[in-house]
Amino acid sequence: MTTPKPLGQLTPKAGIIANTKLLLNRDCNIGRDHEITRELSQLYAKVGGISSDENINDWDNVELDSGVAINPIQAAKCLEETLRTQMFIKGIYQCLLEKLSQKHTVNVVYAGTGPYGCLLLPLLALMPNAPIRVSLIDIHKDNTESIQRIVEHLGIGHQITSIECADATTWSPKSSVQFDIVISETMTALLGREPQVAIFAHLQQFLADDGVLIPKKVSLSAVLVPYESANLPDIPLGQFFELNRELVRSLAKGHQDGFTGEIVLPRSFSSIDYQHLSFRTDIQIYRAHWLTFGQCSLNLSIDYAGLKLEPGGSIKFCYRMTALPKFEFTFPVESMSSVLPEKTELGAIAVQGIKRFWHRARLIRDGRHGEAFVEREILTDIALLEKFDVSYHLALSYVCEYQPSFDEFEAWLLYTKESNSSFLTSRA
8 MTTPKPLGQL TPKAGIIANT KLLLNRDCNI GRDHEITREL SQLYAKVGGI SSDENINDWD
68 NVELDSGVAI NPIQAAKCLE ETLRTQMFIK GIYQCLLEKL SQKHTVNVVY AGTGPYGCLL
128 LPLLALMPNA PIRVSLIDIH KDNTESIQRI VEHLGIGHQI TSIECADATT WSPKSSVQFD
188 IVISETMTAL LGREPQVAIF AHLQQFLADD GVLIPKKVSL SAVLVPYESA NLPDIPLGQF
248 FELNRELVRS LAKGHQDGFT GEIVLPRSFS SIDYQHLSFR TDIQIYRAHW LTFGQCSLNL
308 SIDYAGLKLE PGGSIKFCYR MTALPKFEFT FPVESMSSVL PEKTELGAIA VQGIKRFWHR
368 ARLIRDGRHG EAFVEREILT DIALLEKFDV SYHLALSYVC EYQPSFDEFE AWLLYTKESN
428 SSFLTSRA
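Per the numbering used here, the sequence shown starts with residue 8, numbered consecutively.
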């Protein structure tokens, strides 16, 4: 009986296959930087000649009209995000098996392979006799040369139709093939910077009617997040954008309606407690295989803090497909009407003039008041605020600094009066 070799003592091919099997067979709870992907990275580097340990600053990105094609070292480092790699491999493997059960030959294009092609090539090595035909594309010559060496080492050349150094946003197959699967993982959180959208929009024309994009969809959503000290729950605002086959097909026809829209804010939330807006990216690779908030760098939130959002307002968004693709947002900043409420207009406290003072104080903060008008009413305001044991300047400072809603201002007045009364009682 022979003793199995440790994975580290296997040949590179055997090690790549063995570690890929481990990723396929293990639950998705093994962390972000597991020894499995660290070893895979070393094995690919040994065969392909590009190591993730090299200095990322010594290599150049390629700047395209549709986004940035990251350099080979940065691409190599992506493998080491274990859960990210594992979920893509699991999803692609399931998709391949389903297509193999339906078709005599499964045609695949993999755009943006990086130096290792790690999301697909080891799966081909697991199924060397499967009728899979693959076109491999990357814009970096160093990557395609590394891919060529890895393909030869894994003995999967018979499954490879082509390895091309090309821009995937303009590439066309040399034959009239229709692809069953289009794979491209060329993105960052919130679909910024890299050309994922442009690649899918171009390659979808070569996809069979029952073909699949991988990832199948990228879902973007927004969440209002309170100050931690507020001890309040997040307020989900829902999904506002989804990258999928239908959207990129529409984009390819010149329709960009899905790239603009609005996110409606709830009418009742505290703009004091909720000044943090978090945009999140969830990725469905295939079927039940997802990457969600915080699981890898693709799911990092993009946050805007210190916002003074208007309840009931709408956040406008637009996705710009430029050399640096990104979402642009216009936030509904809470503003006050220049028309003051009447002195008789009441809130929860049945005291005339409170709402008028609060409104005018907000205008003073924004530099939208008339000095003569303020002077005419200042004595009235001083007398009004004395009923709550609050000085005029303290009340004005509170409104200008904290920008409370009217309900919050009334609550503050009552709290301050009660606190002062309790203090005087205890002194007596």
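C-beta: ideal position from N, C-alpha, C; glycine also.
A Cβ-Cβ distance of about 5 Å is found for the pair L30 and Q93, placing them in contact under the 8 Å criterion.
Measuring C-alpha to C-alpha distances from G301 to each of T288, K148, W419, D373 identifies T288 as the nearest.
With respect to Y117, L103 sits apart: the two C-beta atoms are not nearer than 8 Å. In this structure, DSSP gives N238 a state outside helix and strand, which the three-state scheme calls coil. The way I'd put it, the region 137 to 147 does touch the region 169 to 176; three or more beta-carbon pairs between them come closer than 8 Å. If you ignore the 5 residues before and after D414, its C-beta comes within less than 8 Å of the C-beta of G354, A355, all in its own chain and listed in chain order.
The C-beta of L401 has fewer than 16 other C-beta atoms within 10 Å across all chains shown, which makes the residue exposed. C-alpha of L284 to C-alpha of V230: approximately 6 Å in a straight line. In terms of CA proximity to T195, V204 leads the group V204, E393, D187.
Its Cα nearest to that of K223, the residue F95 stands out among F95, T27, N306, S308. Assigned with DSSP and collapsed to three states, G261 falls in coil, not helix or strand. Between the region 295 to 311 and the region 206 to 216, the count of C-beta pairs closer than 8 Å stays below three; the two stretches do not touch. Of I63, L90, Y123, L17, the smallest CA-CA separation from S48 is found for Y123.
Around the Cβ of V225, a 10 Å sphere holds 16 or more other Cβ atoms; the residue is buried. Within the region 171 to 228, the runs of alpha helix (DSSP H) at least 4 residues long that lie entirely inside it are, in chain order, 203 to 210.
Per DSSP, D289 is one residue of the beta strand (DSSP E) stretching across 283 to 293. By the criterion of a C-beta distance shorter than 8 Å, L272 is surrounded in its chain by L231, L244, L316, E317, P318, G319, G320, S321, I322, P339, once the five residues flanking it on both sides are discounted. Judged by DSSP in its simplified three-state form, D67 adopts coil rather than helix or strand. As DSSP reads the structure, K333 sits in a beta bridge with R327.
With the rule of 3 Cβ pairs closer than 8 Å, the region 388 to 401 counts as touching the region 346 to 365.
The beta carbon of S108 sits closer than 7 Å to no other beta carbon from its chain once the five residues preceding and following it are set aside. A118 is bridged by DSSP to I144, S191. When the alpha-carbon of F416 is set against those of S183, R369, G265, A21, the nearest one is in R369.
The residue from T351, K20, E349, F266 with its alpha-carbon nearest to that of F248 is F266. F395 is not a Cβ neighbour of K350, given a cutoff of 8 Å. For V340, no beta strand (DSSP E) segment is defined, and its DSSP state is neither H nor E. Bounds of any alpha helix (DSSP H) do not take in V346, whose DSSP letter is neither H nor E.
When secondary structure is reduced to three states using DSSP, P243 falls in the strand class. Looking at V184, V255, V75, the one whose alpha-carbon comes closest to that of V115 is V184.
Under the three-state reduction of DSSP, S398 is assigned to coil, being neither helix nor strand. Listed in chain order, the non-local C-beta contacts of V189 below 6 Å within the same chain comprise V116, L210, L214, L220, local neighbours out to five positions each way being set aside. Assigned with DSSP and collapsed to three states, T44 falls in helix.
Residue pairing for I309: DSSP places it in a beta bridge opposite F286.
The three-state reading of DSSP puts T168 in strand, counting E and B together. Our two residues, K28 and P135, have alpha carbons roughly 14 Å apart in a direct line. G121 is positioned such that its CB atom lies no closer than 8 Å to that of T89.
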